[in-house]
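So for the sequence shown, my numbering puts the first residue at 1; every next one is plus one. Built from N, CA and C at the ideal position, the CB exists for glycine as well.
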Amino acid sequence: MPDPYSDLKQRLPRGEVCAFVGAGLAAAAGLPDWHDLMAELAASIAFDLPPRRWATAEALLDAAQAYVNQRGLNDLIRFLRDRLATWQTPPSSAHLALARLPVTTIFTTVYDDLLEKAYRQVGKQVDVVVRDSTIPYLRRGPNVVNLIKLNGDLAQPDTLVVTREHYERFRLTRPQMVKLLETELGRSDMLYLGWNQADPAFAFVFGEVLGRFGADMRPGYAALFEVTPTQVDEWRRKNIRPVVLSGDTPADALAAWLTELAEKTSPLGPEPLQGAAVAAAGPSSGGIPTTAPPAAERAALEARLRDLRAYLNGLETARITAGPIEQVKIDLEIEKTRQRLRDLEAELDAAGG
Numbered sequence: 001m002p003d004p005y006s007d008l009k010q011r012l013p014r015g016e017v018c019a020f021v022g023a024g025l026a027a028a029a030g031l032p033d034w035h036d037l038m039a040e041l042a043a044s045i046a047f048d049l050p051p052r053r054w055a056t057a058e059a060l061l062d063a064a065q066a067y068v069n070q071r072g073l074n075d076l077i078r079f080l081r082d083r084l085a086t087w088q089t090p091p092s093s094a095h096l097a098l099a100r101l102p103v104t105t106i107f108t109t110v111y112d113d114l115l116e117k118a119y120r121q122v123g124k125q126v127d128v129v130v131r132d133s134t135i136p137y138l139r140r141g142p143n144v145v146n147l148i149k150l151n152g153d154l155a156q157p158d159t160l161v162v163t164r165e166h167y168e169r170f171r172l173t174r175p176q177m178v179k180l181l182e183t184e185l186g187r188s189d190m191l192y193l194g195w196n197q198a199d200p201a202f203a204f205v206f207g208e209v210l211g212r213f214g215a216d217m218r219p220g221y222a223a224l225f226e227v228t229p230t231q232v233d234e235w236r237r238k239n240i241r242p243v244v245l246s247g248d249t250p251a252d253a254l255a256a257w258l259t260e261l262a263e264k265t266s267p268l269g270p271e272p273l274q275g276a277a278v279a280a281a282g283p284s285s286g287g288i289p290t291t292a293p294p295a296a297e298r299a300a301l302e303a304r305l306r307d308l309r310a311y312l313n314g315l316e317t318a319r320i321t322a323g324p325i326e327q328v329k330i331d332l333e334i335e336k337t338r339q340r341l342r343d344l345e346a347e348l349d350a351a352g353g
């Protein structure tokens, strides 16, 4: 059977692939997703936010703007920094699998720093771009990654794009970042990870590029877990092939597919996972995959175990030079990580080994 990703695997080592990472990847690591955050804010000001199934990007923007109108931007940003804090949250297996791919330019709408943590954990340097003025300092190299944070970074509150007012000024405040995104959408294949097409700024830029290039648009690959035939048709209209994954743990299923992609393209990749739980809803299929085979599940567990051990080693190293207050925080995270390791080892033993 032909490999449905042979073209993608050939282009990865040639530097012809970029990635776009949405909030779904952070949610897979345990952080709240955007609807959860906006629902909490909306409830606090008696704003009528539709249920998740019916909540559009516009409704979520209205909720954020209504909160700022009543409580102020400072209060909103404090809320986000509290809910999206990552000092007790390690990168997921999917973050680490992405970090091992030979992809040097990543666009993202997330505010957290889990991507940065993942790249540093696998030994890569990360240049973060949140302003146009940073673009001239982007670097190139086999172990350098340029992370373009389109909606800003929690560590720099003045860069955040959260409310309707922010989105109205988006193209005016970062025109060069938008041009960089337009250029890569036009000249590169794109991996879409954790993206549900909801971010209005990215959707607008993508729509302009699609309108410009039409059928000549470079292909994309979107990792998805639930998709209807109608949604498959819409993805294909945009020249994006849905990659439908299955498995009990979304992060592990995504990690299995990314690791499979890295098998022949990335020197940093771990031992390849065989038989990942992946099916492509390509032009001739559109089918939904079966569940992941046991071998892939075990391989994913082993990959998570390796990643957790590496994370624990990093915590123990960081503790040596940390101050007294930071050491207390690190000690809590070390104990939490050790418990995760024990649970995972027990799960691996129960799976037959």
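Taking the alpha helix (DSSP H) that residue i belongs to, which residues open and close that run?
i, result
"A256", "P250 to A262"
"P175", "P175 to R187"
"G211", "P200 to F213"
"P229", "P229 to R237"
"I77", "L73 to R83"
"L41", "W34 to S44"
Residue i and residue j: beta carbons closer than 7 angstroms?
i, j, result
"L114", "R83", "no"
"A19", "I148", "no"
"S367", "A29", "Residue numbering for the chain in the displayed model covers 1 to 353; residue 367 lies beyond these limits and cannot be assessed."
"H95", "A118", "yes"
"R241", "Y221", "yes"
"Q88", "E333", "yes"
"D233", "R11", "no"
"A256", "A215", "no"
"A203", "D112", "no"
"A42", "L31", "no"
"V209", "L180", "no"
"V145", "T104", "yes"
"A52", "H35", "Sequence inspection shows Arg at residue 52; the Ala mentioned does not correspond to that position. In this structure, H35 lies closer than 7 angstroms to R52 by Cβ."
Is the closest heavy atom of the ligand COA to the C-beta of residue i under 6 angstroms?
i, result
"C18", "As for the ligand COA, it is missing from this structure, which has no ligand bound."
Which stretch, first to last residue, makes up the beta strand (DSSP E) that contains residue i?
i, result
"P91", "No beta strand (DSSP E) holds P91; DSSP gives it neither H nor E."
"G220", "G220 to L224"
"R53", "Neither: R53 is in no beta strand (DSSP E) and is coded neither H nor E."
"P4", "Unbroken run through P4: none, as it is neither H nor E."
"L49", "Segment: none, L49 is in no beta strand (DSSP E) and carries neither H nor E."
"R169", "Counting along the chain, R169 falls outside any beta strand (DSSP E), and DSSP gives it neither H nor E."
State the CB to CB distance for the pair residue i and residue j, rounded to an integer number of angstroms; the pair is presumed to be in contact (CB under 8 angstroms).
i, j, result
"L305", "E345", "7 angstroms"
"L205", "E182", "The amino acid occupying residue 205 in the given sequence is Val; Leu does not appear at that position. Correct: roughly 6 angstroms between the Cβ atoms."
"L154", "R81", "5 angstroms"
"G152", "V122", "The pair is not a contact, with the Cβ atoms about 25 angstroms apart (cut-off 8 angstroms)."
"Q65", "R164", "4 angstroms"
"R298", "A351", "5 angstroms"
"L245", "A253", "4 angstroms"
"L160", "I77", "6 angstroms"
"Y167", "A198", "Not really, about 12 angstroms apart at Cβ, beyond 8 angstroms."
"R187", "R218", "7 angstroms"
So that I know if they touch, is there some Cβ in chain D lying closer than 7 angstroms to that of residue i?
i, result
"L254", "The structure shown contains no chain D, having only a single protein chain."
Kindly confirm or deny that the stretch 220-228 and the stretch 124-135 touch, where touching means at least three C-beta pairs closer than 8 angstroms.
no
Every unbroken beta strand (DSSP E) within the stretch 95-166, with a cutoff of 3 residues, ordered by chain
105-108, 125-129 and 144-149
Assess contact between the stretch 95-105 and the stretch 63-70, defined as three or more Cβ pairs (one per stretch) separated by less than 8 angstroms. Is contact present?
With the cut-off at 8 angstroms, the stretch 95-105 and the stretch 63-70 do not touch.
Using a Cβ distance threshold of 8 angstroms, determine whether the stretch 190-208 contacts the stretch 21-33, with at least three qualifying pairs required.
yes
Length at least 4, wholly inside the stretch 9-36: the alpha helix (DSSP H) runs in chain order
23-28
So, does the stretch 46-60 touch the stretch 129-136, judging by three or more C-beta pairs under 8 angstroms?
no
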